[in-house]
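Everything on this sheet refers to the single structure shown next.
Chains as they are written, first to last, in full-length UniProt numbering: chain W, 1 to 258; chain E, 1 to 383.
Listed below in structure tokens is the structure:
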């Protein structure tokens, strides 16, 4: 069985983001980079499946980006992936989700993957479109926002998270693609010995030009932080006067009182 | 020397995450109970932390000292007791074997030390031989193809947990100084080896220290590190050159965490209607701490690079240990001052760190011994 897991490297979410010079993405300098959290669930689930299937399975991890994404790939290899694919792209942030999905699909289409794992969305762009678009491009069955996963006899049983805490269970025949949500599993730490061993695993480098055939469908026109909120209002005075002031504000500035 | 930067970055990120998720949340509990839960130690073992410095051919990670330092700087953002658990295997409890051991000794001990299956301990200090280690009195008398060891070793870190002790003993009573000393590998359970009670310490609760008592403890001649008599003190000094740099990194890691605690408090705490971080006298303490941490960090990394180039770092490692251990105590003192009364209360990590870091000016050579080493090396260079 051939399994592919697609990961993205994103900034540490505790970073201070500021718009970049073009005003359409954040400034990427001085940021610490991490594997996208949702992709960690995807890697963990893929590795668990790889362990369940043993030597009959091969697990490949793919990432798109500049040299720095090699670290995210190495982390996935240390967690248990067998080999890596690095699609070399110095400007991945300029691609829209349609193009990113197109790159992945162009790589995967002749590889015969039975199952593809992705995160539900990325923590930085958050479009949640790449996984489902890859499935569409490849003609694979697809289930999103997985919080439970099982595989037996060529069938995926996926527990999905719906609104309001409701869960749904769907079954998919392979080939299939699933997107992974928080709560699916607890990603393992890549152990330090496994990080060292990951150095010996193959990472295939492919220039993005070999795979990028699509034009963008959506252009980001602006990237900006939310407007600063004004300072809070401190009310002062006697209790009765305070209550009057508060009622006045609630009537004037909110829909709570009319 | 960093052999592979991206691999090191993945390691550092992993340790950062482990520290944040698995160590910091437990540090107060470990201190209160004077014990690290076994499951945490098992997780540290599984992560591979015990084998940082042990060569790859003996199942360790074989990190260069600069790489090791980068990992330690992150690990020590948590309470120093967690570093202490792995500290003897990464440092003084294993380095004697790594540096001067025979192939047989390396094969016997290093893989188990690297995995954390066993803990190593370094038994040099005695009741009457602390800073003046070369005057140690523990004796090793040859008896056929064995030696019989007698004496008491004091303040031995991780002794209660240790399975193998590097014991320094005098094999030649006619040579009073360093030349009469040999280093022995003594296994736990060897008849004649026993432990004293756990010492009640000022800080670093959860890390254990006790006496190691040798009473007609009989070990084979093959237990001498390198199977060479009379070079034990040289082995100890080689071990300490490297491990002092490691301890200096421990100080930098701890100081970084302490300053972070103080900074967060200063930004949140309001007096006179504004955060105390807005006051220049607070800012001066924050800035002095930041500058000193940066200086110590640079010293440690530069010393590590020099070690990796196989250069003598006796002076630099003592400079680093002296400055970093004094620095972390100043940073902790300022942090208590910034937190005010809260800094004196157990609910705040700063109170615990203040007690924990005091040890760094004492062990693996006091600040005064570092000064002597530095000055003697300086004088020797011009004589």
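All C-beta atoms in this analysis are idealised placements derived from N, C-alpha and C, irrespective of residue type, glycine included.
Using a Cβ-Cβ cut-off of 9 Å, residue 268 (chain E) is close to nothing in chain W; its nearest Cβ partner there is about 16 Å away.
Look at residue 44 (chain E) here: in three-state DSSP terms it is helix. Annotation for residue 35 (chain E): 206 place their beta carbon closer than 8 Å to its own, counting only its chain and skipping 5 residues before and after.
Annotation: residue 277 (chain E) to residue 294 (chain E) spans about 20 Å, alpha carbon to alpha carbon. Distances from the alpha-carbon of residue 243 (chain E) to those of E:165, E:66, E:30 and E:28 put E:66 closest.
Contacts with chain E at 8 Å (Cβ-Cβ) include residue 71 (chain W). Fully enclosed beta strand (DSSP E) runs of no fewer than 3 residues occupy 167 to 173, 176 to 180 and 203 to 207 of the region 159 to 239 of chain W, in order along the chain.
Annotation: the continuous beta strand (DSSP E) that includes residue 141 (chain E) extends over 139 to 143. A Cβ of chain W is located within less than 8 Å of the beta carbon of residue 7 (chain E). Nearest Cα to residue 120 (chain E) within the set E:187, E:126, E:73 and E:171: E:187.
Contact fails between the region 188 to 204 of chain W and the region 163 to 177 of chain W, because fewer than three Cβ pairs, one in each stretch, are under 8 Å apart. Only residues of its own chain outside the window of five on either side were considered, and among them 211 and 213 have a CB closer than 7 Å to the CB of residue 106 (chain W), listed in chain order.
Under the DSSP assignment, residue 349 (chain E) falls in the alpha helix (DSSP H) whose first and last residues are 349 to 356.
Of all alpha-carbon atoms in E:99, E:57 and E:45, the one lying nearest the alpha-carbon of residue 236 (chain E) is that of E:99. Below the 7 Å Cβ cutoff, chain E contributes 10 as neighbours of residue 78 (chain W), in chain order. Residue range 9 to 11 is occupied by the beta strand (DSSP E) that includes residue 9 (chain W). When W:246, W:48, W:253 and W:139 are compared, the shortest CA-CA separation from residue 148 (chain W) is found for W:48. The beta carbon of residue 223 (chain W) is closer than 6 Å to those of 19, 24 and 25 in its chain, skipping five residues each way along the sequence. The beta-carbon of residue 48 (chain E) is placed less than 8 Å from the nearest beta-carbon of chain W. Setting aside the 5 residues that flank it on each side, residue 216 (chain W) is surrounded in the same chain by 96 and 99, each with a C-beta closer than 6 Å to its C-beta; the list follows chain order. Within chain W, the C-beta atoms nearer than 8 Å to that of residue 18 (chain E) come from 189, in chain order. Counting every other CB atom within 10 Å of its CB across the protein chains shown gives residue 186 (chain W) a total below 16, marking it as exposed. For residue 116 (chain W), the CB contacts under 6 Å within the same chain, skipping 5 residues up- and downstream, are 4 and 177 in chain order. The straight-line gap separating the alpha-carbon atoms of residue 305 (chain E) and residue 368 (chain E) is approximately 25 Å.
Taking 8 Å as the threshold, the shortest C-beta distance from residue 64 (chain E) to chain W does not fall below it. Closest in alpha carbon position to residue 112 (chain E), among E:141, E:258, E:229 and E:51, is E:51. For the options E:116, E:238, E:204 and E:104, the alpha carbon positioned closest to that of residue 360 (chain E) is the one of E:204.
In this structure residue 209 (chain E) touches residue 201 (chain E) by the C-beta definition: roughly 7 Å separates them, less than 8 Å. Put simply, the CB of residue 67 (chain E) is far from chain W, with every gap to its CB atoms at 8 Å or more. Within chain E, the residues 13 have their CB atoms less than 8 Å from the CB of residue 34 (chain W), given in chain order.
Only 189, 190, 191, 192, 193, 194, 195, 196, 198 and 199 from the region 175 to 208 of chain W bring a Cβ to less than 9 Å from some Cβ of chain E.
Excluding residues up to 5 positions away in sequence, 17, 18 and 19 lie with their Cβ nearer than 8 Å to the Cβ of residue 225 (chain W) in the same chain. C-alpha of residue 316 (chain E) to C-alpha of residue 81 (chain E): approximately 26 Å in a straight line.
With 16 or more other CB atoms across the displayed protein chains lying within 10 angstroms of its CB, residue 101 (chain E) is buried. At least 8 Å separates the CB of residue 100 (chain E) from every CB of chain W. Residue pairing by DSSP places residue 146 (chain E) opposite E:143 and E:220 in a beta bridge.
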